[in-house]
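Counting in our numbering, the sequence shown runs from 211 upward without gaps. Single-structure report; data block below.
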Amino acid sequence: MVALALAGAFAAGWTAQGWRMGLKLEQQAHQQTGAELKGAKQAVADMAGFQKGFNDALANFQRSQQSNAQAQQDLGRLLLDMRGLTAGLRGDFAGLPERISAAAQPALAEYASTCTAVFEAMAAGGQRLAEAGGELARQADGYAADAGLINGAWSK
(Lines of atoms letter the chains of each structure in order from A and count residues from 1; the text may use other names and numbers.)
(Lines give C-alpha, C1' and ligand atoms only; values in the text may rest on other atoms or scores of the structure.)
Protein backbone atom coordinates (compact mmCIF):
# COMPACT_ATOMS: atom_id res chain seq x y z
CA MET A 1 0.00 0.00 0.00
CA VAL A 2 2.88 2.37 0.84
CA ALA A 3 4.48 1.45 -2.47
CA LEU A 4 1.25 2.25 -4.27
CA ALA A 5 1.01 5.61 -2.47
CA LEU A 6 4.65 6.34 -3.31
CA ALA A 7 4.04 5.37 -6.95
CA GLY A 8 0.94 7.64 -7.05
CA ALA A 9 2.84 10.53 -5.44
CA PHE A 10 5.72 10.00 -7.86
CA ALA A 11 3.31 9.95 -10.84
CA ALA A 12 1.52 13.09 -9.59
CA GLY A 13 4.87 14.86 -9.08
CA TRP A 14 6.07 13.73 -12.48
CA THR A 15 2.86 15.04 -14.09
CA ALA A 16 3.04 18.38 -12.22
CA GLN A 17 6.70 18.78 -13.22
CA GLY A 18 5.78 18.03 -16.85
CA TRP A 19 3.06 20.68 -16.75
CA ARG A 20 5.48 23.22 -15.28
CA MET A 21 8.05 22.48 -17.96
CA GLY A 22 5.40 22.60 -20.68
CA LEU A 23 4.26 26.00 -19.40
CA LYS A 24 7.86 27.23 -19.32
CA LEU A 25 8.42 26.06 -22.93
CA GLU A 26 5.19 27.74 -24.05
CA GLN A 27 6.24 31.00 -22.36
CA GLN A 28 9.62 30.90 -24.12
CA ALA A 29 7.95 30.18 -27.46
CA HIS A 30 5.55 33.07 -26.82
CA GLN A 31 8.46 35.43 -26.06
CA GLN A 32 10.26 34.33 -29.23
CA THR A 33 7.13 34.83 -31.34
CA GLY A 34 6.60 38.26 -29.76
CA ALA A 35 10.16 39.28 -30.61
CA GLU A 36 9.74 38.08 -34.21
CA LEU A 37 6.42 39.95 -34.49
CA LYS A 38 8.04 43.13 -33.17
CA GLY A 39 10.81 42.77 -35.78
CA ALA A 40 8.24 42.21 -38.54
CA LYS A 41 6.27 45.29 -37.44
CA GLN A 42 9.46 47.36 -37.49
CA ALA A 43 10.29 46.07 -40.98
CA VAL A 44 6.79 47.02 -42.18
CA ALA A 45 7.15 50.50 -40.63
CA ASP A 46 10.57 50.93 -42.26
CA MET A 47 9.17 49.81 -45.60
CA ALA A 48 6.26 52.27 -45.28
CA GLY A 49 8.71 55.09 -44.58
CA PHE A 50 10.84 54.11 -47.55
CA GLN A 51 7.74 53.92 -49.78
CA LYS A 52 6.63 57.40 -48.67
CA GLY A 53 10.09 58.80 -49.38
CA PHE A 54 10.13 57.12 -52.76
CA ASN A 55 6.63 58.42 -53.61
CA ASP A 56 7.61 61.95 -52.57
CA ALA A 57 10.78 61.79 -54.66
CA LEU A 58 8.80 60.47 -57.63
CA ALA A 59 6.22 63.26 -57.27
CA ASN A 60 9.04 65.85 -57.19
CA PHE A 61 10.59 64.23 -60.24
CA GLN A 62 7.29 64.37 -62.12
CA ARG A 63 6.72 68.02 -61.18
CA SER A 64 10.24 68.87 -62.32
CA GLN A 65 9.72 67.00 -65.54
CA GLN A 66 6.49 68.92 -66.26
CA SER A 67 8.17 72.20 -65.41
CA ASN A 68 11.11 71.35 -67.68
CA ALA A 69 8.75 70.47 -70.52
CA GLN A 70 6.98 73.84 -70.12
CA ALA A 71 10.30 75.69 -70.06
CA GLN A 72 11.41 73.82 -73.17
CA GLN A 73 8.18 74.80 -74.96
CA ASP A 74 8.68 78.44 -73.94
CA LEU A 75 12.25 78.36 -75.20
CA GLY A 76 11.08 76.79 -78.46
CA ARG A 77 8.56 79.62 -78.94
CA LEU A 78 11.26 82.21 -78.28
CA LEU A 79 13.53 80.54 -80.82
CA LEU A 80 10.75 80.54 -83.43
CA ASP A 81 10.12 84.25 -82.77
CA MET A 82 13.84 84.92 -83.13
CA ARG A 83 14.00 82.98 -86.41
CA GLY A 84 11.06 84.94 -87.79
CA LEU A 85 12.67 88.21 -86.77
CA THR A 86 16.03 87.33 -88.30
CA ALA A 87 14.37 86.13 -91.53
CA GLY A 88 12.61 89.50 -91.78
CA LEU A 89 15.87 91.33 -91.11
CA ARG A 90 17.65 89.42 -93.87
CA GLY A 91 15.02 90.60 -96.32
CA ASP A 92 15.27 94.17 -95.04
CA PHE A 93 19.06 94.21 -95.31
CA ALA A 94 19.23 92.59 -98.76
CA GLY A 95 19.10 95.83 -100.76
CA LEU A 96 20.26 98.16 -98.00
CA PRO A 97 23.45 99.55 -99.57
CA GLU A 98 21.62 100.66 -102.73
CA ARG A 99 18.76 102.22 -100.77
CA ILE A 100 21.12 104.12 -98.45
CA SER A 101 23.12 105.59 -101.31
CA ALA A 102 19.94 106.77 -103.05
CA ALA A 103 18.12 108.02 -99.92
CA ALA A 104 17.60 111.64 -98.93
CA GLN A 105 18.79 112.97 -95.57
CA PRO A 106 15.34 112.88 -93.84
CA ALA A 107 14.80 109.28 -95.00
CA LEU A 108 18.24 108.32 -93.66
CA ALA A 109 17.38 109.82 -90.26
CA GLU A 110 14.09 107.90 -90.16
CA TYR A 111 15.86 104.73 -91.26
CA ALA A 112 18.49 105.14 -88.52
CA SER A 113 15.71 105.61 -85.95
CA THR A 114 13.92 102.49 -87.19
CA CYS A 115 17.15 100.47 -87.15
CA THR A 116 17.77 101.56 -83.56
CA ALA A 117 14.26 100.39 -82.58
CA VAL A 118 14.80 97.06 -84.37
CA PHE A 119 18.14 96.50 -82.65
CA GLU A 120 16.60 97.36 -79.28
CA ALA A 121 13.84 94.81 -79.94
CA MET A 122 16.49 92.26 -80.92
CA ALA A 123 18.43 92.96 -77.74
CA ALA A 124 15.25 92.54 -75.66
CA GLY A 125 14.49 89.28 -77.47
CA GLY A 126 18.03 88.08 -76.88
CA GLN A 127 17.69 88.98 -73.20
CA ARG A 128 14.43 86.99 -72.95
CA LEU A 129 16.10 84.09 -74.73
CA ALA A 130 19.05 84.20 -72.32
CA GLU A 131 16.69 84.34 -69.33
CA ALA A 132 14.68 81.41 -70.65
CA GLY A 133 17.88 79.45 -71.24
CA GLY A 134 19.02 80.26 -67.70
CA GLU A 135 15.66 79.12 -66.31
CA LEU A 136 15.88 75.92 -68.32
CA ALA A 137 19.38 75.31 -66.96
CA ARG A 138 18.14 75.95 -63.39
CA GLN A 139 15.29 73.50 -63.89
CA ALA A 140 17.70 70.96 -65.36
CA ASP A 141 19.81 71.32 -62.21
CA GLY A 142 16.66 70.70 -60.16
CA TYR A 143 15.91 67.64 -62.25
CA ALA A 144 19.43 66.34 -61.68
CA ALA A 145 19.06 66.92 -57.92
CA ASP A 146 15.71 65.08 -57.92
CA ALA A 147 17.23 62.20 -59.86
CA GLY A 148 20.05 62.08 -57.29
CA LEU A 149 17.49 61.96 -54.47
CA ILE A 150 15.65 59.10 -56.15
CA ASN A 151 18.90 57.20 -56.66
CA GLY A 152 19.91 57.89 -53.06
CA ALA A 153 16.51 56.78 -51.73
CA TRP A 154 16.64 53.49 -53.59
CA SER A 155 18.03 50.79 -51.34
CA LYS A 156 21.29 49.30 -52.53
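The beta carbon of each residue, even a glycine, is placed where N, CA and C say it ideally should be.
Can you check whether the CB of residue j is closer than 8 Å to the CB of residue i?
i: Q280; j: Y353; result: no
i: S277; j: Q337; result: no
i: G335; j: D291; result: yes
i: L346; j: L247; result: no
i: L339; j: L299; result: no
If you count every other CB in all the chains shown that lies within 10 Å of the CB of residue i, and 16 or more means buried, which is it?
i: A267; result: buried
Whole angstroms are fine: how far does the CA of residue j sit from the CA of residue i?
i: A342; j: A253; result: 46 Å
i: F355; j: K262; result: Here the sequence assigns Ala to residue 355, which means Phe is not the residue at that position. Each residue's Cα considered, the two are about 18 Å apart.
i: I360; j: M257; result: 15 Å
i: A213; j: L235; result: 32 Å
i: E308; j: F329; result: 21 Å
i: A222; j: A245; result: 35 Å
i: A319; j: R293; result: 27 Å
i: S323; j: A317; result: 10 Å
i: L216; j: H240; result: 36 Å
i: A259; j: R273; result: Here residue 259 is Gly; the residue named in the question, Ala, does not match the sequence. Approximately 21 Å, taken between the alpha carbons.
i: M211; j: G232; result: 31 Å
i: C325; j: S311; result: 16 Å
i: T243; j: K251; result: 12 Å
i: Q283; j: G301; result: 27 Å
i: A255; j: W224; result: 46 Å
i: G218; j: Q237; result: 28 Å
i: A369; j: A304; result: This structure cannot settle anything about residue 369, because the visible part of the chain is limited to 211 through 366.
i: A269; j: G344; result: 24 Å
i: R230; j: G249; result: 29 Å
i: Q315; j: D351; result: 53 Å
i: F220; j: G228; result: 12 Å
Since I believe residue j is in contact with residue i (beta carbons under 8 Å), could you give me their beta-carbon distance rounded to a whole number of angstroms?
i: M332; j: L295; result: 7 Å
i: F264; j: A363; result: 6 Å
i: A327; j: Y321; result: Not quite, the Cβ-Cβ distance comes to about 11 Å (not below 8 Å), so this is no contact.
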